[in-house]
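Student:
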């Protein structure tokens with residue numbers, strides 16, 4: 001498997017939009033009032049946390065979106081300890097009311113959203129002896145559950161915060177995908193629940209990019225590679241920081257950056 005969002009048991013340009021300095025405590029005060037605001041879903045750990053940290057080091061105020069209150073608060077505290085401007089919002093990407101409430105809270109607290117990173121994702125259950133999901137034995141309820149997080153969750157969150165993104169001068173959307181969803185590359189084991197959801201997400205990314213073609217909103221998909229996290233039993237050969245790098249770059253693209261693409265560290269990933 002060659003993606004940070006692998007299963008677990010349970011094109012840049014020369015400049016980016018200007019960023020303000022990160023706040024030391026994450027408090028909402030005059031020194032950080034004009035900082036760009038980024039929401040990262042599933043940011044309480046792993047690659048999501050590394051993306052939030054990377055954006056924080058770029059000068060953005062980062063919002064940790066997570067449904068677990070304790071994990072979210074702990075992640076915010078860790079980011080603040082590192083001198084970054086961090087906040088948290090309760091967010092369950094599978095729940096319409098939770099997503100709507102999170103969007104309303106972001107609007108009330110920050111007024112706009114400059115960056116959305118749709119990072120939250122799950123693998124679905126798999127055979128622990130083969131690390132595979134057999135397409136001839138797919139449980140449709142399990143498949144629906146994975147699609148609900150990896151695809152429908154992206155739609156829920158993106159559409160809910162879209163009015164806030166439209167208020168930003170340089171809005172960016174990054175969808176956390178996987179080369180396991182590539183129809184051409186087809187790496188790793190057979191994952192009949194997980195991989196098709198990333199193919200679905202890749203196609204959805206293109207449709208959003210087409211819709212936003214004549215707007216400032218730039219949307220792309222990022223593949224982090226095989227990252228060692230609890231998502232894959234720490235079987236990867238890359239750190240979360242390495243896995244986060246492409247998403248951070250796409251989240252801070254200049255206005256003439258690529259649109260509707262699928263990228264990894266080495267460049268373009270074939271669809």
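In UniProt numbering, the protein residues as written are 1 to 271. Heads up, the beta-carbon is just placed ideally off N, CA and C, and yes, glycines get one too.
My parser needs the alpha helix (DSSP H) runs of 4 or more residues fully inside the stretch 50-96; what are they?
Tutor: With a minimum length of 4 residues, the continuous alpha helix (DSSP H) runs that stay inside the stretch 50-96 are 69-81.
Student: Provide the residue span of the alpha helix (DSSP H) that contains residue 245, from first to last.
Tutor: In the chain shown, counting from the first residue as 1, residue 245 sits at position 245. Residues 240-251.
Student: When DSSP labels each residue in this structure, what does residue 41 get in the three-state scheme?
Tutor: Locating residue 41 in the chain shown gives position 41, counting from the first residue. Three-state DSSP puts residue 41 in a strand.
Student: Taking the straight line between their C-alpha atoms, what separation do you get for residue 174 and residue 249?
Tutor: Residue mapping note: residue 174 aligns to position 174 of the chain shown, counting from 1. Residue mapping note: residue 249 aligns to position 249 of the chain shown, counting from 1. Cα-Cα distance, rounded: 10 Å.
Student: Can you have a look at residue 22 and say buried or exposed, based on whether 16 or more other CB atoms are within 10 angstroms of its CB?
Tutor: In the chain shown, counting from the first residue as 1, residue 22 sits at position 22. The pLDDT assigned to residue 22 is 31, lower than 50, so where the model puts this residue is not dependable; a value taken from the coordinates is nonetheless given after this. Classification for residue 22: buried.
Student: Using the rule of at least 16 other Cβ atoms within 10 Å of the residue's Cβ for burial, across every protein chain shown, is residue 268 buried or exposed?
Tutor: Counted from its first residue, the chain shown places residue 268 at position 268. Result: exposed.
Student: Would you grab the beta carbon distance between residue 209 and residue 260 for me? Rounded to a whole angstrom, and I think it's under 8 Å.
Tutor: Taking the chain shown and counting its residues from 1, one reaches residue 209 at position 209. Taking the chain shown and counting its residues from 1, one reaches residue 260 at position 260. Contact check for residue 209 and residue 260: beta-carbon distance about 3 Å, within the 8 Å limit, so the pair qualifies.
Student: Grouping DSSP H, G and I as helix and E and B as strand, with all else coil, what is residue 127?
Tutor: Start at 1 with the first residue of the chain shown, and residue 127 comes out as number 127. The answer is strand: DSSP assigns residue 127 an E or B state.
Student: Helix, strand or coil: which one does DSSP assign to residue 267?
Tutor: Position 267 of the chain shown holds residue 267. Reduced to three states, the DSSP call for residue 267 is strand.
Student: Please classify residue 242: is it buried, with 16 or more other beta-carbons within 10 angstroms of its beta-carbon, or exposed?
Tutor: As a working mapping, residue 242 is identified with position 242 in the chain shown. Residue 242 comes out buried.
Student: Quick one: Cα of residue 45 to Cα of residue 212, how far?
Tutor: The count along the chain shown starts at 1 and reaches residue 45 at position 45. The count along the chain shown starts at 1 and reaches residue 212 at position 212. The alpha-carbon atoms of residue 45 and residue 212 are separated by roughly 30 Å.
Student: Buried or exposed for residue 29, please, with buried defined as at least 16 other CB atoms from any protein chain shown within 10 angstroms of its CB.
Tutor: On the chain shown, residue 29 is found 29 positions in, with the first residue counted as 1. Residue placement at residue 29 cannot be trusted, given a pLDDT of 42 that sits under 50; the coordinates are not used to answer.
Student: Return yes when the Cβ of residue 115 is within less than 7 Å of the Cβ of residue 80, no when it is not.
Tutor: Locating residue 80 in the chain shown gives position 80, counting from the first residue. Locating residue 115 in the chain shown gives position 115, counting from the first residue. Against a cut-off of 7 Å, the Cβ pair of residue 115 and residue 80 comes out as no contact.
Student: Does DSSP classify residue 109 as helix, strand or coil?
Tutor: Taking the chain shown and counting its residues from 1, one reaches residue 109 at position 109. In the structure shown, residue 109 sits in a helix (DSSP, three-state: H, G or I).
Student: Quick check: what's the CA-CA separation for residue 207 versus residue 254?
Tutor: As a position in the chain shown, residue 207 is number 207, starting the count at 1. As a position in the chain shown, residue 254 is number 254, starting the count at 1. Taking the straight line joining both Cα atoms gives about 21 Å.
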